[in-house]
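Working notes for the structure below.
In the working numbering, the protein residues as written are -11 to 590.
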């Protein structure tokens, strides 16, 4: 491909343009259906105004049809209705065997283009609706068969027993008891209901909305897995809890699955805020990216997916530097980490720079998000053991989080200049891999002596933040990464660690965590002490600490900050989300909502 220089430091943009994706909208097509229904009652206590679609109501005999269940903001991204129709028609056996299916990507102006998609996933597809309706089956006969054979289950999420029972009564489910544990069978014999009453008492460092309780309840509900139709009703409180519960519901149904069997299931989430709907979809997109195996997600396919989903947004630009160009242009950190895989097709390291000039003026300061995108981390020549290596497909979770937040900002047209830098590489083992004792020449101009090839994330991020500070007019540089095991020891699985040089941004990030349900908590910022851990006799610093018992999470953040020039006057924030990024064997989508709230998306 022909490349043209885009900046004085030699970033390149390669033709063809953003629309050159190779059909990786698969991240939605491989899933079951989730119908998202945004509804807000006239008053917070008016639960009777929150109604289920006809096909989820007790005694319903058929599903109602709708010709337009996808709002325009979703059609600008992916036409989920057509995707769902194409994957649902035909017998279950035929759908399970089909290797390819089609979808539509809309251009935002009424036109669209057909895209052929590989069907690799079998999990839920997020579908959005402005009204309480559902799509109809392909024929009256099919409609009758579905209504006769379907099982329906409703889950009510409320802050009190009284609110839950009032909500049930308003949805034709009188007699539902909020104090009953488990599913309650309704008189029609095929419809059941369960209630989640979220605890009101929380400690001061927890979210008052308790999204962890909601996710566990939804994933632990034994009836959900066997029901063809599941309805989730949020009994509105008129507070930010509604948004947090809605986002928790999105997280509870991760989309990625490569199982050969397919069970049809529609989940309807009745939720309040429109922009939260967009953020929820971006959360689930991040979940899929993190859950995809390295056999399917490579550096190249990751880039293709990004190009494809951004193609409708003409204001977004994509610049990249790839392969040996990284070394030539001074990005010695990203090149060193990824060069071991660079000679395998599609696995060359790269840095992608996405820009959305939401203010309308590209000369105004940028809020720059930098994500660690280690597609797979073997540890390099300091190789991990079997148990330590399993799950390392998730080491690109930081990049998925920042990209999801960036996408939500683009889709909601926020009035901020937002830049997203993805530092993508695969830390593999080969004769070309970087070695312990190598000295790397970084984009910051500093040198790094490698004493642990398995501490590679901070190396790629160092190049990313240096570019953000030196070549962009960034007023904020925010890094997110699955960076250290010490994060889990410091703040556990619910809170990410926060390291920042700005007291103002520390407060903003903690508040954004409370608003989104993606909690963070600050760590000490004392670089004058922590950088002692990186002393080198032959370079400016090493890449791994001498004393692993000395605030590792803070030390890792200090390493990244050291590659931002002292003359830069903006705010720097680092979020380590190594353990909040997954629950069990599935991705949580952590970070998307946190950064979306930080940017003012909702």
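For each residue, glycine too, the CB sits at the ideal point set by N, CA and C.
Among the options, nearest to residue i - alpha-carbon criterion
i, options, result
"residue 496", "320, 342 and 588", "588"
"residue 346", "506, 303, 451 and 317", "303"
"residue 349", "169, 394, 329 and 404", "404"
"residue 179", "164, 193, 432 and 188", "164"
"residue 566", "327, 384 and 181", "384"
"residue 494", "233, 519 and 465", "465"
"residue 146", "211, 161, 393 and 229", "229"
"residue 290", "263, 320, 336 and 261", "336"
"residue 462", "453, 468 and 469", "453"
"residue 433", "450, 424, 423 and 419", "450"
"residue 214", "253, 430 and 310", "253"
"residue 221", "306, 543, 532 and 185", "185"
"residue 353", "192, 556 and 585", "556"
"residue 607", "311, 313, 296 and 441", "Residue numbering for the chain in the displayed model covers -11 to 590; residue 607 lies beyond these limits and cannot be assessed."
"residue 544", "444, 576 and 572", "444"
"residue 425", "436, 570 and 498", "436"
"residue 328", "417, 478 and 288", "417"
"residue 282", "513, 438, 311 and 362", "362"
"residue 520", "536, 507 and 581", "536"
"residue 334", "316, 351, 315 and 310", "310"
"residue 508", "561, 307 and 231", "561"
"residue 530", "379, 319, 338 and 430", "430"
N-terminal and C-terminal residue of the beta strand (DSSP E) that residue i is part of
i, result
"residue 305", "305 to 310"
"residue 464", "462 to 469"
"residue 493", "Element bounds for residue 493: not the beta strand (DSSP E) but the alpha helix (DSSP H), 491 to 504."
"residue 528", "Where residue 528 is concerned, there is no enclosing beta strand (DSSP E), given that its DSSP letter is neither H nor E."
"residue 180", "179 to 185"
"residue 361", "354 to 365"
"residue 437", "435 to 437"
"residue 302", "Run containing residue 302: none; DSSP gives neither H nor E here."
"residue 427", "427 to 429"
First through last residue of the alpha helix (DSSP H) which encompasses residue i
i, result
"residue 262", "262 to 279"
"residue 556", "Run containing residue 556: none; DSSP gives neither H nor E here."
"residue 235", "229 to 239"
"residue 200", "199 to 208"
"residue 294", "287 to 298"
"residue 580", "580 to 587"
"residue 447", "445 to 459"
"residue 246", "Note, residue 246: premise wrong, no alpha helix (DSSP H); not H, not E."
"residue 157", "149 to 158"
"residue 420", "Premise fails: residue 420 is in no alpha helix (DSSP H) and is neither H nor E."
"residue 477", "474 to 479"
"residue 549", "540 to 549"
"residue 324", "320 to 326"
"residue 515", "515 to 518"
Beta-carbon separation (whole angstroms), residue i vs residue j, contact threshold 8 Å
i, j, result
"residue 340", "residue 294", "7 Å"
"residue 267", "residue 396", "5 Å"
"residue 321", "residue 448", "6 Å"
"residue 256", "residue 226", "That belief does not hold up - the Cβ atoms of residue 256 and residue 226 are roughly 21 Å apart, past 8 Å."
"residue 188", "residue 170", "Rounded, the Cβ-Cβ distance is 22 Å, inconsistent with contact."
"residue 190", "residue 161", "Wrong, their Cβ atoms sit about 28 Å apart, outside the cutoff."
"residue 505", "residue 235", "6 Å"
"residue 344", "residue 394", "7 Å"
"residue 427", "residue 526", "7 Å"
"residue 398", "residue 522", "About 37 Å separates the two Cβ atoms, so there is no contact after all."
"residue 490", "residue 518", "With a Cβ gap of about 17 Å, residue 490 and residue 518 do not count as contacting."
"residue 331", "residue 414", "No, residue 331 and residue 414 are not in contact; Cβ-Cβ is about 11 Å, not under 8 Å."
"residue 661", "residue 271", "This structure gives no information on residue 661, because the portion of the chain shown stretches from -11 to 590."
"residue 274", "residue 196", "With 8 Å as the limit, residue 274 and residue 196 do not qualify as a contact, their Cβ atoms being about 24 Å apart."
Per DSSP, the bridge partner or partners of residue i
i, result
"residue 485", "509 and 564"
"residue 345", "405"
"residue 217", "140 and 254"
"residue 415", "365"
"residue 340", "308 and 410"
"residue 172", "181"
"residue 394", "None, per the DSSP bridge assignment."
"residue 575", "570"
"residue 146", "185"
"residue 222", "145"
Under 8 Å: do the stretch 407 to 420 and the stretch 351 to 368 share three or more Cβ pairs, one atom per stretch?
These segments touch.
Please confirm if the stretch 456 to 470 is in contact with the stretch 541 to 558, defined as three or more CB-CB distances below 8 Å between the two stretches.
Counting C-beta pairs closer than 8 Å gives three or more between the stretch 456 to 470 and the stretch 541 to 558, which meets the contact rule.
The stretch 478 to 494 contacting the stretch 361 to 380, beta-carbon criterion three pairs below 8 Å:
In short, these stretches do not touch, since the Cβ pair count stays below three.
With three or more beta-carbon pairs closer than 8 Å as the criterion, would you say the stretch 468 to 478 touches the stretch 195 to 211?
By the Cβ test, the stretch 468 to 478 is not in contact with the stretch 195 to 211, since fewer than three Cβ pairs between them sit closer than 8 Å.
At least three beta-carbon pairs within less than 8 Å, the stretch 237 to 250 to the stretch 202 to 219:
Yes, they touch.
Does the count of Cβ pairs from the stretch 320 to 334 and the stretch 370 to 389 closer than 8 Å reach three?
No, the stretch 320 to 334 does not touch the stretch 370 to 389.
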